[in-house]
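Residue numbers for the sequence shown follow this note's numbering, beginning at 206 and rising by one.
Every residue gets a Cβ at the ideal spot worked out from N, C-alpha and C, and that includes glycine.
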Amino acid sequence: MRIVCKLMRWPVKKKKFFSIVFAAILAVLVVLIIVIFSMFRNELNAIKTIKKISDDKNLYTMEYNGDYGFEAFLKAGGASSDNEVAKFLSRYISKGYYTYDIEGTKNGCSTIAAVNSEGKFMFGRNFDWIDCTSMIVKTKPEKGYASISTVNLDFLGYNKDYQPSGIINSFLALGAPFVPLDGMNEMGLCIADLIIEDAGETHQNTEKIDLTTTTAIRLILDNAATVEEAIKLLEQYDMHSSNGAMHHLAIADSYGNSVVVEYIDNEMYVTPTQFVTNFFLTDGKNYGFGSESSKIRFNILSDIYNQNNGVLEEDDIKSALISVSQSKSFDPGWISQWSIVFNQSDKKIKFYHCEDYDKEYVFSID
């Protein structure tokens, strides 16, 4: 007996129907992909640049070119608290898909400004804190100056068990441009945040656009070329303390000007100085208020500066930072999470992580 097998064939009309449906689904998917890429183009491009550059420590780099939302942030009225910054980031950068919760803590830091024998201006900075995830962020906004800044990613919710690896986990890092703690822009202007412990908070209320400490740093890096321009910018905004603490800002430019900006009774004061640690430098009733260890560090930097008549090479700045690093037991249990030597004339930085001064990372502003 012969068995004859016949292949079933779809009717021509059904084949045509399924072809149309498949084509329609494919078209919808293509449109969705285009829409998603268009919505997150800058964000996805930034995420692709995230790299871990330290084998044994949590140190990352990221490049963020284009619009990261800061102009929109200012147009929306800025923010008077870290929570308001977090809400903006959730709404604007992540399009509501991620919830930001900016965390903060107290820290101890040091800065020094000097000139080298070639007439090039230098700025040194220690950021002192407990162990954290750090990121060096290069930004190039559509409007404004390119810059390099440093961020404590713990402020954005990262920790030793949750790192910015992979697209999903990296999305929170897109908020990094809004929480810089220090940096230098393409004009050679440097700025660093330092805290004064137990000194209350700053909350100006003069109906100007609101800024927190870290968003003020972003404003300066994006828009100021000199100390004078930085001061004029800050005068146009109401300042509000980040992470519930009193801050002062060390600012230095590539023309040799260096100051500290402080807020006392919600009034802004500017004092010329080559070094800043963690106590008030404004003349008056508050002068000297701050930690005792910060005064020791200030005096060490002052002695180094004066012994060299204010002329310090890059290696001298590095040595000065080492001399006031937290391993010198100024505050037990802490460490200088990063030390940076900024060459404001050449627009280059030398970065040292977690007091490993034998390992040098070099970056430049293109």
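Practice problem: Would you mind stating whether G329 and S499 have Cβ atoms separated by less than 8 Å? | Solution: no
Quiz item: Are I255 and P369 close, meaning C-beta to C-beta below 8 Å?
Solution: yes
Quiz item: Candidates I469, Y273, R246, S339: which alpha carbon is nearest S544's?
Solution: S339
Self-check item: Distance, E560 Cα to S530 Cα
Solution: 8 Å
Practice problem: Quick one: give me the first and last residue of the alpha helix (DSSP H) that D521 is part of. | Solution: 519-528
Exercise. Out of N364, G393, S315, state which residue places its alpha-carbon closest to the alpha-carbon of Y350.
Key: G393
Quiz item: Exposed or buried, N263, counting other C-beta atoms within 10 Å across all chains shown (16 or more means buried)?
Solution: buried
Practice problem: Scan the stretch 460-523 and note each continuous alpha helix (DSSP H) run of 4 residues or more that stays entirely inside, going in chain order. | Solution: 497-512
Quiz item: Is the CB-CB distance between Y305 and G274 below 8 Å?
Solution: no
Exercise. Name the one or two DSSP bridge partners that L264 has.
Key: S339
Quiz item: Excluding five sequence neighbours on each side, which residues of the same chain lie with their C-beta closer than 8 Å to the C-beta of N374?
Solution: Y367, Q368
Self-check item: Of the listed residues K257, G515, I540, S446, nearest to E406 (C-alpha basis)
Solution: S446
Quiz item: With respect to the alpha helix (DSSP H) encompassing N374, which residues constitute its N-terminal and C-terminal limits?
Solution: 371-375
Quiz item: If you run the structure through DSSP and keep just helix, strand and coil, what is N331?
Solution: strand
Practice problem: Just confirm the distance between the C-beta atoms of A398 and I414, as a whole number of angstroms; I'd bet it's less than 8 Å. | Solution: Contrary to the premise, residue 398 reads as Asp rather than Ala in this sequence. Rounded, the Cβ-Cβ distance is 19 Å, inconsistent with contact.
Practice problem: Going by CA-CA distance only, name the one from K533, E433, A457 that's closest to A319. | Solution: A457
Quiz item: Got a sec, what are the start and stop residues for the alpha helix (DSSP H) D427 sits in?
Solution: 418-428
Practice problem: Take D403 as the anchor and find which of K257, E497, S507 has the nearest alpha-carbon. | Solution: E497
Quiz item: Just curious, the beta strand (DSSP E) that S550 is in, first and last residue?
Solution: Per DSSP, S550 belongs to no beta strand (DSSP E) and is neither H nor E.
Quiz item: For the putative contact between M478 and V290, defined by C-beta atoms under 8 Å, what is the C-beta separation to the nearest angstrom?
Solution: According to the sequence displayed, residue 478 carries Thr and not Met. The Cβ separation is near 29 Å, so there is no contact.
Quiz item: Secondary structure at Y297, three-state DSSP: helix, strand or coil?
Solution: helix
Quiz prompt | Buried versus exposed call for E248 [16 or more other C-beta atoms within 10 Å across all chains shown] | solution = buried
Exercise. Would you grab the beta carbon distance between K343 and E391 for me? Rounded to a whole angstrom, and I think it's under 8 Å.
Key: Actually they are not in contact, since the Cβ atoms of K343 and E391 sit about 11 Å apart, beyond 8 Å.
Quiz item: Out of G489, L439, V466, M473, which has the shortest C-alpha to C-alpha gap to V481?
Solution: V466
Quiz prompt | Residue interval of the alpha helix (DSSP H) (run including N247) | solution = 246-253
Practice problem: Following the continuous alpha helix (DSSP H) through T320, name the residue where it begins and the one where it ends. | Solution: At residue 320 the sequence reads Val, which differs from the Thr that was named. Looking at the DSSP string, V320 is not in any alpha helix (DSSP H); the run it does join, the beta strand (DSSP E), is 313-320.
Self-check item: Selected residue, minimal CA-CA separation from I396, among T419, K365, L377
Solution: T419
Self-check item: Q542, DSSP secondary structure in three states
Solution: strand
Exercise. Could you check what DSSP says for N156 in three-state terms: helix, strand or coil?
Key: There is no way to answer for residue 156, as the model of the chain reaches only from 206 to 571.
Quiz prompt | Alpha-carbon to alpha-carbon, G371 and I641 | solution = Past the edges of the chain, shown from 206 to 571, lies residue 641, and the structure says nothing about it.
Quiz item: When you compare only the Cα positions, how much space is there between F485 and I400?
Solution: 10 Å
Quiz item: Which same chain residues, not among the five before or five after N410, have their C-beta less than 8 Å away from its C-beta?
Solution: D443, N471
Quiz item: What did DSSP end up calling V384 once you bin it into helix, strand or coil?
Solution: coil
Quiz item: So, is D333 buried or exposed, given that buried needs 16 or more other C-beta atoms within 10 angstroms?
Solution: buried
Quiz item: Run through DSSP, which three-state label would K257 get?
Solution: strand
Quiz item: What do you reckon, are the CB atoms on S517 and M389 nearer than 8 Å?
Solution: Note that residue 517 corresponds to Leu in the displayed sequence, not to Ser. Their beta carbons are not under 8 Å apart, which means L517 does not touch M389 by this criterion.
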